[in-house]
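Asker: Below are the structure tokens for one structure; questions will follow.
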Amino acid sequence: MTATKAVAASRAGGGEVTALLPHRLHLSPPHLTGGELDALRRTLESGWVAPAGPVPEAFEEAIAAATGFPHVLAVTSGTAALHLAYRCLGLGPGDEIWAPTLTFVATIAPAVQMGATPRFLDVTPESWTLDPGLLGRELSAAAARGKLPRVVVSVGLYGQSCDLDAILAVCNRWGVPVVSDSAETLGAFYRGRHAGRGARFTALSFNGNKIVTAGGGGALCSEDPLLIARARHLATQAKEPAPHYQHETTGYSYGLSSVLAAVGLAQIAMLEQRVAARRAIFERYAAAFAELPGVSMMPEPPWGRSSRWLSVALFDPEAFGADRDTVRQALAAAGIESRPVWKPLHLQPAFRDAPAVGGAVAARLFERGLCLPSGSAMTEAEQAVVIDVVRRCCGRRFR
Ligand SMILES: *Cc1c(COP(=O)(O)O)cnc(C)c1O
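Written out as structure tokens, the structure is:
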């Protein structure tokens, strides 16, 4: 059965969800280009399959070309990239690392595993990203008590860059380095440059659900060649140049396999088309929901162009007549995956002891926000089913 037929498939009565899909519709599945197989075959035939050599190098060059970052290190995951950044900045036990509370756990997990203490700050309603005003005030207070953070990590959310210049300005005042977690903002722009440019380090992700994928992988980027050289040394077991492998310190096995880099190379060539497709999906949701009461879409501040990695809608239960979870369950019943906005980290049991500054904005977004299917391969007919299910929730009694 085609998706178009599925849209027509409906059953009457009871105001129940009526649309059906012939298959589950996922939030953000990988979108293969068809070029992956050729790239893989060439890589396998060349014999260069290790996490080193010409293919990872070519992938790094392609990332640099797509983003403008002059120095790029391909690694096994976005989380590994963040770990390396924190290690290069000397993060350790007794240090604080500050992060927005509204993000995926991977932003902070490596830092906590290194013994650092997180402090979570609220986001702004205009961007859903780290509040630079709040950050500035907190940094002044921290300087006064003589305990500045070792690192501030800023995060791009659902394709949207944070206000990086404002964050850099307040951090530079106190000499605190900024790491940009841009795992969700590959292909996004901020004041005319790629998201994350200007931070000390920027981490990207090529996980399967991101805008383009290597089948797993990440990259660490910087404007500074020495920082990337140091990270590369640590990512490849910190081998000193001696025939017997001398070690001044210990590193990690974080090099990206040539096999995965080949997939990444085929994928990143399509980045601009993928951004365009995701933005079109967002616009179709926005247009369809404009006529529904109590539904609003994630805003886009004037400072940049979001990649719209995920389309996120907010449901005001009073005005819409159904809450976020009613919508989520109606979608699930129709075979459609959707997901609440990230649960703020200050509300996660894993961080119950971590200090938090504010958090009400993030908590409200979590309460009302739903990430809708956003895969760039999704057809308009499939999206029409999603829209139909949401529309039918409007006015339903909730709970
Ligand atoms: C996906 C993601 C990561 C982690 O990337 P992996 O490649 O899956 O390790 C880190 N931070 C954020 C905000 C993410 O969305």
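Per the working numbering, the very first residue in the sequence shown carries number 64; after that it's consecutive. Yeah, the Cβ is synthetic: ideal placement off N, Cα and C, and Gly gets one too.
DSSP on L136, reduced to helix/strand/coil?
Answerer: Residue state, collapsed to three classes: strand.
Asker: Please list, following the chain, all residues that have a C-beta closer than 6 Å to any non-hydrogen atom of ligand 1.
Answerer: Qualifying residues come out as S140, G141, T142, T166, F167, A169, T170, V218, D244, A246, E247, S268, N270, G281.
Asker: R87 and G398 - do their beta-carbons sit closer together than 7 Å?
Answerer: In contact: G398 and R87 (Cβ atoms closer than 7 Å).
Asker: Below 8 Å, how does it come out for the stretch 213 to 230 and the stretch 143 to 152: are there three or more Cβ pairs, yes or no?
Answerer: Enough Cβ pairs lie closer than 8 Å, so yes.
Asker: For F269 versus A262, is the C-beta spacing smaller than 7 Å?
Answerer: No.
Asker: Sort F167, P163, V175, T166 by Cα distance to G157 and report the nearest one.
Answerer: Of F167, P163, V175, T166, the residue nearest in Cα terms is V175.
Asker: Our contact map puts A376 next to M360 with C-beta atoms below 8 Å; I'd like the distance itself, whole angstroms only.
Answerer: At roughly 6 Å, the Cβ-Cβ gap stays under 8 Å, so A376 and M360 are in contact.
Asker: Any chance you could list the alpha helix (DSSP H) runs of at least 4 consecutive residues sitting entirely within the stretch 208 to 245, in chain order?
Answerer: Listed in chain order, the complete alpha helix (DSSP H) runs (minimum 4 residues) inside the stretch 208 to 245 are 227 to 236.
Asker: Provide the residue(s) that pair with M360 in DSSP beta bridges, ordered along the chain.
Answerer: Its beta-bridge partners are A376.
Asker: Go ahead and pull the three-state DSSP assignment for V420.
Answerer: The answer is strand: DSSP assigns V420 an E or B state.
Asker: In or out: P257 buried (at least 16 other Cβ within 10 Å) or exposed?
Answerer: Looking at the sequence shown, residue 257 is not Pro but His. Buried, since its Cβ has 16 or more Cβ neighbours within 10 Å.
Asker: Quick check: the stretch 299 to 309 against the stretch 154 to 170, are there 3 or more CB pairs under 8 Å?
Answerer: The answer is no - the stretch 154 to 170 does not touch the stretch 299 to 309, with fewer than three Cβ pairs under 8 Å.
Asker: Can you give me the C-alpha to C-alpha distance between L445 and E189, rounded to a whole angstrom?
Answerer: Looking at the sequence provided, one finds Glu at residue 445 rather than Leu. So the alpha carbons of these two residues sit roughly 30 Å apart.
Asker: Mind checking whether V275 and Q330 have CB atoms under 7 Å apart?
Answerer: Contact flag set, yes.
Asker: Answer yes or no: do L435 and S401 have a C-beta to C-beta separation smaller than 7 Å?
Answerer: Result yes, Cβ atoms of L435 and S401 sit closer than 7 Å.
Asker: Could you check which residue in Q392, G432, D388, T389 has the C-alpha nearest to that of P407?
Answerer: Per the Cα distances, G432.
Asker: Measuring only between beta-carbons, confirm whether P173 sits less than 7 Å from chain B.
Answerer: You won't find chain B in this structure, because it holds only one protein chain.
Asker: Go to C434, then tell me how far its beta strand (DSSP E) extends in each direction, as first and last residue.
Answerer: That run of the beta strand (DSSP E) goes 432 to 435.
Asker: Tell me which residue opens and which closes the beta strand (DSSP E) that E159 is part of.
Answerer: First-last of the beta strand (DSSP E) with E159: 159 to 163.
Asker: Using the three-state DSSP reduction, which class does P181 fall into: helix, strand or coil?
Answerer: The answer is strand: DSSP assigns P181 an E or B state.
Asker: Which of the three DSSP states, helix, strand or coil, is assigned to C284?
Answerer: Strand at C284.
Asker: To which residues of the same chain is S271 closer than 6 Å at the C-beta, ignoring the five residues directly before and after it?
Answerer: Reading off the sequence, residue 271 comes out as Gly, not Ser. Only P93 meet the Cβ criterion.
Asker: Starting from the C-beta of A71, find all residues in its chain whose C-beta is less than 8 Å away, skip the five residues before and the five after it, and write them out in chain order.
Answerer: Reliability fails at A71, whose pLDDT of 38 lies under 50, so the model's placement of it is uncertain and the value that follows must be treated cautiously. Closer than 8 Å at the Cβ level, and outside the excluded window around A71, lies no residue.
Asker: Run through the DSSP bridge pairs and tell me what P403 is partnered with.
Answerer: DSSP output for P403 lists L433 as bridge partner(s).
Asker: Going by beta carbon distance, what residues of the same chain come within less than 7 Å of L194, once the five residues before and after it are set aside?
Answerer: Note that residue 194 is Asp in the sequence shown here, rather than Leu. Hits under 7 Å: L184, D185, V186, T187.
Asker: Looking only at DSSP bridge pairs, what is V186 linked to?
Answerer: In the DSSP output, where bridge partners are listed per residue, V186 has L193.
Asker: Helix, strand or coil for A294, going by three-state DSSP, please let me know.
Answerer: Reduced to three states, the DSSP call for A294 is helix.
Asker: Counting pairs of beta carbons, one from the stretch 110 to 124 and one from the stretch 230 to 238, are three or more of them closer than 8 Å?
Answerer: Taking 8 Å as the limit for Cβ pairs, the verdict is that the stretch 230 to 238 does not touch the stretch 110 to 124.
Asker: Between F264, T142, R105, P119, which has its C-alpha nearest Y315's C-alpha?
Answerer: If we check each option's Cα against that of Y315, T142 comes out closest.
Asker: So the candidates are L410, L328, A393; which of them puts its Cα closest to the Cα of G97?
Answerer: Cα-wise, what sits closest to G97 is L328.
Asker: Hey, G357 and A393: beta-carbon distance below 7 Å or not?
Answerer: Cβ distance not < 7 Å, so G357 and A393 don't count as in contact.
Asker: Quick one: using the 10 Å Cβ neighbour count with 16 as the cut-off for buried, is E140 buried or exposed?
Answerer: According to the sequence shown, residue 140 is Ser rather than Glu. Classification for S140: buried.
Asker: Buried or exposed: where does Q309 fall if 16 or more other Cβ atoms within 10 Å of its Cβ makes it buried?
Answerer: Flag for Q309 reads exposed.
Asker: Name the two residues that bound the continuous beta strand (DSSP E) containing A128.
Answerer: That residue, A128, is in no beta strand (DSSP E); its alpha helix (DSSP H) goes 117 to 130.
Asker: Which residues in the same chain have their Cβ closer than 8 Å to the Cβ of R391, if we skip the five residues on either side of it in sequence?
Answerer: Within the same chain, R391 has close Cβ partners S401, R402, P403, L433.
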